[in-house]
Amino acid sequence: MIQKWQAELREKASPEKIETLSRFFKTGPGQYGEGDIFIGLSVPANREISKKYFDADIQVIRAMIESAVHEFRLAALLALVERYRRTKDDPGRRCIAELYLDICHLANNWDLVDLSAPYIIGAELIAGRSAGDIITLSTSPLIWHRRIAVVSTLLPIRKGQLDTALDMCDRHIADSEQLMQKAVGWVLRECGKKDRLRLEQFINDHIAAISATTLSYATEKFSQEERAALRAKRNNSQNRLPRRQFCHAKKYL
Numbered sequence: 005m006i007q008k009w010q011a012e013l014r015e016k017a018s019p020e021k022i023e024t025l026s027r028f029f030k031t032g033p034g035q036y037g038e039g040d041i042f043i044g045l046s047v048p049a050n051r052e053i054s055k056k057y058f059d060a061d062i063q064v065i066r067a068m069i070e071s072a073v074h075e076f077r078l079a080a081l082l083a084l085v086e087r088y089r090r091t092k093d094d095p096g097r098r099c100i101a102e103l104y105l106d107i108c109h110l111a112n113n114w115d116l117v118d119l120s121a122p123y124i125i126g127a128e129l130i131a132g133r134s135a136g137d138i139i140t141l142s143t144s145p146l147i148w149h150r151r152i153a154v155v156s157t158l159l160p161i162r163k164g165q166l167d168t169a170l171d172m173c174d175r176h177i178a179d180s181e182q183l184m185q186k187a188v189g190w191v192l193r194e195c196g197k198k199d200r201l202r203l204e205q206f207i208n209d210h211i212a213a214i215s216a217t218t219l220s221y222a223t224e225k226f227s228q229e230e231r232a233a234l235r236a237k238r239n240n241s242q243n244r245l246p247r248r249q250f251c252h253a254k255k256y257l
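Under the working numbering, think of the first position of the sequence shown as 5, with each following residue one higher.
The following block contains the structure:
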């Protein structure tokens, strides 16, 4: 099955996109996607193919997620998302979530995380089953684990459940990695769509620790005057907290 799946993905790939994708996902020396390999496949095309493999054997899913090819790893994750969506019983969904948690260290770029974590771990949060999982992930030195912990809260936010999201943002407000600063800002912005006052309170409470990147993302919907005032307040704040230092863990194996 794996050969058939990969052949379908390669058939829809556009090799002329490889260079652009490699630059976009930072595959150069020392970058977070160092050494990653692309075949030039779009996400919609990948999803259309991979959702047909939602019932693939676990061994096939594992083989795909362990591939050096970025789009093959994404395919495995998209298939798991589809499997989770089609599974209606709680024990079955929990089994899928546990498989995801077992392999998620191989979801080693922001798109792999963002296209999978909210729809599996986020759904588990809504069901009341993954609060402990994301706390564990949030303490990991691996950036992808920490990003999963943060972006998984996006689905609960849509339901108006902001407490876990704000807790994760609080835990990572001083993260030194820009990909984490962007993730925290993104989640805060989504919280603000549901409760502007809570977002404002969070920002003011963390103004000395919040990064410029996080503040920019979080206040995207604010007026120019409001954003300027918050930037000035941040810049003038005293006793800035040190950024937490984590390893990049660039390699996918």
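Built from N, CA and C at the ideal position, the CB exists for glycine as well.
Open item on the list: Taking its Cβ as the centre, do 16 or more other Cβ atoms sit within 10 Å of LEU257, making it buried, or is it exposed?
Closed with: Only weak support exists for where LEU257 lies, its pLDDT of 28 falling under 50; the value from the coordinates is given anyway. The C-beta of LEU257 has fewer than 16 other C-beta atoms within 10 Å across all chains shown, which makes the residue exposed.
Task: Residue closest to LEU13, alpha-carbon to alpha-carbon, out of GLN35, ALA79, ALA72 and GLY37 - done: Nearest option by C-alpha distance: ALA79.
Open item on the list: Rounded to the nearest angstrom, what separates HIS176 and GLN10 at their Cα positions?
Closed with: Each residue's Cα considered, the two are about 37 Å apart.
Task: Where ILE41 sits in the DSSP three-state scheme - done: DSSP places ILE41 in strand when its eight states are reduced to three.
- [ ] List the whole-angstrom C-beta distance separating ARG133 from ARG98, where the pair is believed to meet the contact cut-off of C-beta under 8 Å.
- [x] Here ARG133 really is in contact with ARG98; their C-beta atoms are around 6 Å apart, less than 8 Å.
Open item on the list: Contact defined as beta carbons within less than 8 Å: I believe ILE161 pairs with ALA169. What is the distance between those atoms, to the nearest angstrom?
Closed with: That belief holds up - the Cβ atoms of ILE161 and ALA169 are roughly 5 Å apart, short of 8 Å.
Task: Option in LEU159, ARG87 and SER142 with minimal Cα separation from ASP118 - done: The shortest C-alpha separation from ASP118 is found at LEU159.
- [ ] Identify the continuous alpha helix (DSSP H) that holds SER54 and give its terminal residues.
- [x] DSSP places SER54 inside the alpha helix (DSSP H), whose first and last residues are 47-54.
- [ ] Please classify ASP179: does DSSP put it in a helix, a strand, or coil?
- [x] Three-state DSSP puts ASP179 in a strand.
TODO: Alpha carbon to alpha carbon, how far is LYS55 from ARG87? Give it in angstroms, no decimals.
DONE: Spanning the two alpha carbons is a distance of roughly 8 Å.
- [ ] Would you kindly check if the distance between the Cβ of LEU110 and the Cβ of ARG150 is under 8 Å?
- [x] Going by C-beta atoms, ARG150 is not nearer than 8 Å to LEU110.
Task: Nearest residue (CA-CA) to ASP93, options ARG238, ASN113, LEU105 and GLU128 - done: With distances taken between Cα atoms, ASP93 lies closest to GLU128.
Open item on the list: Nearest by alpha-carbon distance to LEU192: which of ILE22, TYR123, ASP179 and THR218 is it?
Closed with: Selected option, being the one with the closest Cα: THR218.
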